[in-house]
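Notes to accompany the following structure.
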Amino acid sequence: MLPIHPALSIRLLPRRAAVLAFVACATACALVGCGEHGAGTRGEGAGLSTAGEGKPSVVATTPVVADLVRAIAGDRAEVTALITPGVDPHLWAPTRTEVLQILEADAVFMNGLLLEGRAGDAFARVEVSGRPVVRLAETLPKADLLTDAENPSRFDPHVWMDPLLWARTAPAVRDALVKVDPAGKEEFDRNLAAFEDLARELDRECALILSAVPPSARVLVTAHDAFGYFGKRYGLELRGIQGISTESEPSLAAIESLVAEMSERRVPALFAESTVSDRSVRAVIDGCAARGHEVLLGETLFSDSLGRAGTPEGTWKGMMLHNARSIARALGGGS
Ligand SMILES: [Zn+2]
């Protein structure tokens, strides 16, 4: 009988035991502050097998990612969204329980491009095991991505704000699901085609709604730079009080410069976002008022998250339409 290579023997551990070994190590390392895990923890993945009976269990990071994965998976997979609606993905870090969910999943879907910038290395560890980890936005050609004006080496991760661009990440979801459930291929193909139709219809609807905004008012001022792809697609000039991430606070100089520009150009409205503190938004409104320019606070937009489950904004399509209508109304584009 051939001897089993030590690395292979670790890979053959039952997934649960290996996962617990990793979590224990991760916890210990967090306590003592070490940056690297020891060699004994590299086998947390136990191969491609699913948990056994029943449907594959897959996890998605944000509610937007989970919405897409559910659309393609239909009833053939259990899809868990790790980040609850209203939580800022830029600031999210998985809890111990969520790390366990990631490590035990048959496939993992995330936005990527550093949207989940504090997610840690649990996702990379699933990759080591050979199970699919799909960073949706990173499947798009770099030429189609926007870059951060302040940091040109960094890409804007908010690709779901352009329906057609987001739909182009959907084949990667289908491909990963086929890997864990080959028998579902036909259904995944059908669901993918339906999702692409939905995205095209949504795009037409958003374009129609926003076409009513007069040219002089086509400036979209939001709490952070989440609407770059939206603005590019629908012809709106963008101003974010914070940059493409919410990890740092906006500077006073940035707020003052925005106040000056909005007052000078008589920009009629600005928008808070459901996942971002509205403190800086209110500072801009107050600053404009002090200069004699009254700014309307539009309805809160959904940028990096969906609304509550069961509400119209609890789906990607619903939140996009909510945003388009709220922006059009506040910028003078109808009721
Ligand atoms: Zn964001």
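This note's numbering applies: residue 3 is where the sequence shown begins, and numbers increase by one.
Idealized CB from N, CA, C, for every residue including glycine.
These figures come from a predicted structure and were not determined experimentally.
{"query": "Near ligand 1: A228 beta-carbon under 6 Å from a heavy atom", "result": "yes"}
{"query": "Span separating the alpha-carbon of E140 from that of L117", "result": "11 Å"}
{"query": "L109 vs V161 beta-carbon contact at 7 Å", "result": "The sequence given here places Ala at residue 109; Leu does not occur at that position. Result no, Cβ atoms of A109 and V161 do not sit closer than 7 Å."}
{"query": "Own chain partners of P165 with C-beta closer than 6 Å, once the 5 adjacent residues on each side are dropped", "result": "A201, L204 and D205"}
{"query": "Bridge partners - H344, DSSP secondary structure assignment", "result": "With the chain running from 3 to 337 in the structure shown, residue 344 is simply not present."}
{"query": "Status (buried if at least 16 other CB within 10 Å, exposed otherwise) for G312", "result": "exposed"}
{"query": "Span separating the alpha-carbon of T82 from that of T302", "result": "26 Å"}
{"query": "Beta-carbon proximity of R293 to S265, cut-off 7 Å", "result": "yes"}
{"query": "Ligand 1 heavy atom lying under 6 Å from the CB of D158", "result": "no"}
{"query": "Sequence-distant residues of the same chain with beta carbon closer than 6 Å to G316, five excluded per side", "result": "L308, G309 and R310"}
{"query": "Alpha-carbon spacing of G45 relative to A62, whole angstroms", "result": "With a pLDDT of 32 at G45, under the threshold of 50, the predicted position of this residue should be treated as unreliable, though the coordinate-derived value follows. The straight-line gap from Cα to Cα measures roughly 22 Å."}
{"query": "Three-state class that DSSP yields for L4 in the structure shown", "result": "Residue placement at L4 is poorly supported in this model, since its pLDDT is 40, which falls under 50; the coordinates still yield a value, given next. Of the three classes helix, strand and coil, the one that applies to L4 here is coil, per DSSP."}
{"query": "Span separating the alpha-carbon of L148 from that of F157", "result": "6 Å"}
{"query": "Spatial distance of A172 from C290 (CA atoms)", "result": "42 Å"}
{"query": "Cβ pair V175, I85 closer than 7 Å", "result": "no"}
{"query": "Within 7 Å, strictly: CB atoms of A271 and L238", "result": "no"}
{"query": "DSSP state of F232 mapped onto helix, strand, coil", "result": "helix"}
{"query": "Alpha-carbon spacing of G245 relative to F232, whole angstroms", "result": "15 Å"}
{"query": "Counted within 10 angstroms of its Cβ, other Cβ atoms place L50 as buried (16 or more) or exposed", "result": "The pLDDT assigned to L50 is 41, lower than 50, so where the model puts this residue is not dependable; a value taken from the coordinates is nonetheless given after this. L50 should be labelled exposed."}
{"query": "Counted within 10 angstroms of its Cβ, other Cβ atoms place L179 as buried (16 or more) or exposed", "result": "buried"}
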